[in-house]
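Take this note's numbering: the last position of the sequence shown gets the number 191, and nothing is skipped along the way.
We put the beta carbon where it would ideally sit given N, CA and C, even for glycine.
Everything numeric in this text was worked out from a predicted model, so none of it was measured.
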Amino acid sequence: MTIGIYFATTTGKTEDIAERLHGLLGAAEAPKDISDVDDLNELSTHDGVICGIPTWNTGADSERSGTTWDSILDDIGELNLSGKKVAIFGLGDSSTYTENYCDAMEELHRYFKNAGATMVGYVNKSEYTFDESKSVIGDSFCGLPLDEDSESDMTDSRISKWVDQLKKEISELN
Ligand SMILES: Cc1cc2nc3c(=O)[nH]c(=O)nc-3n(C[C@H](O)[C@H](O)[C@H](O)COP(=O)(O)O)c2cc1C
């Protein structure tokens, strides 16, 4: 089973988490900045794909991350990722941006879903303190939200629990 980890970042926090996830996952290939990927079909060569996205464009309806992800959303939607498991993690600030916590995850999640991927790695929203997020679907976030600005002391336990969850969900048959 191969797992690819891809991220985009403005101040380095999403990259740092990608490296930490890589360390915990063991089997995954080294994380790659999505800006360095020439052909997005590379994503379909893995059994599982983990994508990290920060939120910078506060309150925006679209292009919420302010990173390379924003300019390749349509291309992602056109990939054929049926049979592939995809999980999203997001970086944000639940204190300062509590009305828009990790909003960008939902946008990336939607385009990967349109590409036929089986989305995994959902996390119950009751484990977080925030007012609003576009990334909440029902009772869950559509991925793993992380807050290195206000809750960095919770990151280690959040990512290790998520990795255990992903190991199960990515190896399950569709
Ligand atoms: C101008 C600005 C706008 C931001 N907007 C949001 C936001 O809308 N929602 C959120 O959850 N975090 C927001 N953040 C927090 C960043 O997403 C957070 O610092 C994140 O860790 C940055 O990740 P990066 O270092 O990978 O770019 C914002 C930060 C700044 C400085």
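Which parts of the segment 79-129 are runs of the alpha helix (DSSP H), unbroken and 4 residues or longer, counting only runs that do not cross its ends? 85-94
Taking the alpha helix (DSSP H) that residue 176 falls in, what are its first and last residues? 172-188
Span of the alpha helix (DSSP H) holding residue 34? 30-42
CA-CA distance, residue 159 and residue 125? 10 Å
Three-state class that DSSP yields for residue 131 in the structure shown: helix
Contact belief for residue 82 with residue 70 at Cβ below 8 Å, rounded distance in angstroms: 5 Å
Could you tell me how far apart the beta carbons of residue 113 and residue 148 are, in whole angstroms, since I believe they sit closer than 8 Å? No, residue 113 and residue 148 are not in contact; Cβ-Cβ is about 12 Å, not under 8 Å.
Can you look up residue 166 in the DSSP assignment and give me helix, strand or coil? coil
Cβ-based neighbour list, residue 94, same chain, cut-off 7 Å, excluding 5 preceding and 5 following: 128, 131, 132
Residue list, Cβ distance to ligand 1 heavy atoms smaller than 6 Å: 26, 27, 28, 29, 30, 31, 71, 72, 73, 75, 108, 109, 110, 114, 117, 118, 119, 120, 165, 166
Does DSSP put residue 142 in a helix, a strand or coil? helix
Can you give me the C-alpha to C-alpha distance between residue 172 and residue 135, rounded to a whole angstrom? 25 Å
Taking the alpha-carbon positions, what's the residue 98 to residue 41 distance? 25 Å
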